[in-house]
Each structure stands twice: as C-alpha cells, then as structure tokens.
Amino acid sequence: MSETLSSHVSNTGTSRVCTPTTRAPGPIDAIPHPRITATPATRQQRFRSRIGVGLAGGFYPAPHRYELYLSARCPLSLRVSITLDLLGLKDSVATTLLALPADTPRAFSSLRSAYEATWHHYDGPLTAPALCDRWSGRVVSNHTPDILRDLADLLTDRAGSCHSPLRPSALAADIDALRDLLDRDVTPGTPPERRSTALDLLDRQLASGPYALGEELTAADVDLWVALAPLEAAGDLSSYALLQDYVRRLDAHPAFRRHL
C-alpha cells in the first residue's frame, strides 16, 4: 500500500481509524444502523476516556490542556480539523499533523510516548485522530466519534451553557445515524449499488433544507461534506443535483474552503 495512512473499519463501532505507518504513503430516522461485534483485539487498541464526563477520569475542559494528533489524507482527521475551525477552538486546542514518519519524526515520537504513558509497554498501532492530555501526557481518546462529541461540547462546558452549537441535543440521534450511514455506505470501498442507494437518500434529504438536517449547520454537515467532496471532485455527483449544489455551497464556507 503506497498511502501514508491505512483506513479500516473498527469492530468497536462504525468509525474507521487512520493508522500512520512506517511505509511511504426526519427522513434520517429511516437510516438503518449496522450491527458490528467487538473483538478482544480491537478493544485492546481503543482508548475511550472522555472530556467532561465524570470526575474519576480527571479530563475536565480547560483551554490549552488538550492536543490533537491528526493524519494527512485521513477523512476522520479532516472531520476533526473542520470541527475545530467551526467551533473557534484552533487557539485553545493544539494540533500536530502526522505526515511521513521521516518528515515528522518528533510528532511520531511524541504520539508514541503518549500511547506508552497510557498503556504500559504498548506495542499496538499509533492511530489518529488521537486526543491527548498535555498535563498528564496520556491519550484521552482515539475514538473519533467521541472526540467529535467532546469538541462540540467543549465550548458549551466552558461557557456553562447546555446548548451545543454543532450537536444540539434534539438532533444528536440524527447526527449519529447520518454518520453511521456515511461510514458504512459512502466510502471508497462501498459497492456501487449501496453507495447509489445512500446518495439517493441523502439527495432527497437535502430537499427539506439547505443543510444536512435542516436549516442550521451541524456536525452532520462536517461528516457529509468530507464524504461528498471527493465524489464531487471526481465528477461522481453529476446525477445528484442537490448534493452537488450542497458541496459547492459549503466549499465557499471559510472552515471548509481552507481544507480544499
């Protein structure tokens, strides 16, 4: 494999993870949820602490406490980076980009240290995105859905408000359902028939509003744009007028345009 990153479906959920290697590089309620069985091997490589959930873990919200390790060419890292932009957290959450190991040796060494500080004698893969606690040097989470939820809630927790700008409680289930659909049926490895069915559903969904879930931009739009932008660039959305228009409109948004 010539890519710097290898993406695969995790058996602990519908999220993929990107593994830096040492080689060179409404209607949403109708979306079915996949049933995937966890295995002991994948559980050993999953870190799933949370920010602001319970005092036992000690990971409470604080500016400049956390650092994100993101990987080049990784759709999950792109989701996280856009979310940081939309929430205005670029200045309070540090980010480190992992490219080729030879090009970013310090970044890989730092990430390895964080994994080893979290898991004694850790010898598994270094996966990204990874959210790390700069105070303890440990990995908080390498489970992207949890990272995205915590980032969406981080501003809320700091402000003392119960309203999350990207993940309003009324739409949380729909956001998760859409993310499951995209991770299952709108990926490079999805059979064409399944992808076409999913794109038909998404095209119809956009008839009800300018954004993925209606009138307001939410975390669902980050997921959807990241999944659709490569298809639009390849000319694969020509049969889906609403999806094509949607991608082009978000292309003009500063938080999305920066990542084109």
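Read in numbering that gives the first Met the number 0, the sequence shown has 197 at position 198, and its numbers run on one by one without any break.
Cβ coordinates follow ideal geometry from the N, Cα and C atoms, glycine included.
Small disclaimer: the values here were computed from a predicted structure and weren't measured.
Go through its chain and collect everything with a Cβ distance to residue 151's Cβ below 8 angstroms, but skip five positions before and after it. Hits under 8 angstroms: 82, 86, 163, 164, 165, 166 and 218.
Extent of the continuous alpha helix (DSSP H) run through residue 250: Here the alpha helix (DSSP H) through residue 250 covers 240-250.
Residues that DSSP places opposite residue 140 in a beta bridge: Answer is 47 and 130.
Best match in 205, 172, 214 and 142 for proximity to residue 78 [C-alpha to C-alpha]: Checked all of 205, 172, 214 and 142; the closest Cα to residue 78 is 142.
Applying the criterion that 16 or more other CB atoms from any shown protein chain within 10 Å of the CB defines a buried residue, is residue 259 buried or exposed? With fewer than 16 other Cβ atoms within 10 Å, it is exposed.
Tell me whether the beta-carbon of residue 65 lies closer than 8 angstroms to the beta-carbon of residue 111. No. Outside cutoff.
Go to residue 196, then tell me how far its alpha helix (DSSP H) extends in each direction, as first and last residue. 191-204 is the extent of the alpha helix (DSSP H) around residue 196.
Beta-bridge partners of residue 95, as assigned by DSSP: Residue 95 is bridged to 68.
So, using beta-carbon positions, are residue 116 and residue 97 closer together than 8 angstroms? With contacts defined by Cβ atoms closer than 8 angstroms, residue 116 and residue 97 do not form a contacting pair.
Between residue 101 and residue 108, what straight-line distance do the alpha-carbon atoms span, to the nearest angstrom? Residue 101 and residue 108 have their C-alpha atoms some 11 angstroms from each other.
Indicate the three-state DSSP secondary structure (helix, strand or coil) for residue 59 in the structure shown. Three-state result, residue 59: coil.
Contact defined as beta carbons within less than 8 angstroms: I believe residue 49 pairs with residue 140. What is the distance between those atoms, to the nearest angstrom? The beta carbons of residue 49 and residue 140 sit about 7 angstroms from each other, so the pair counts as a contact at 8 angstroms.
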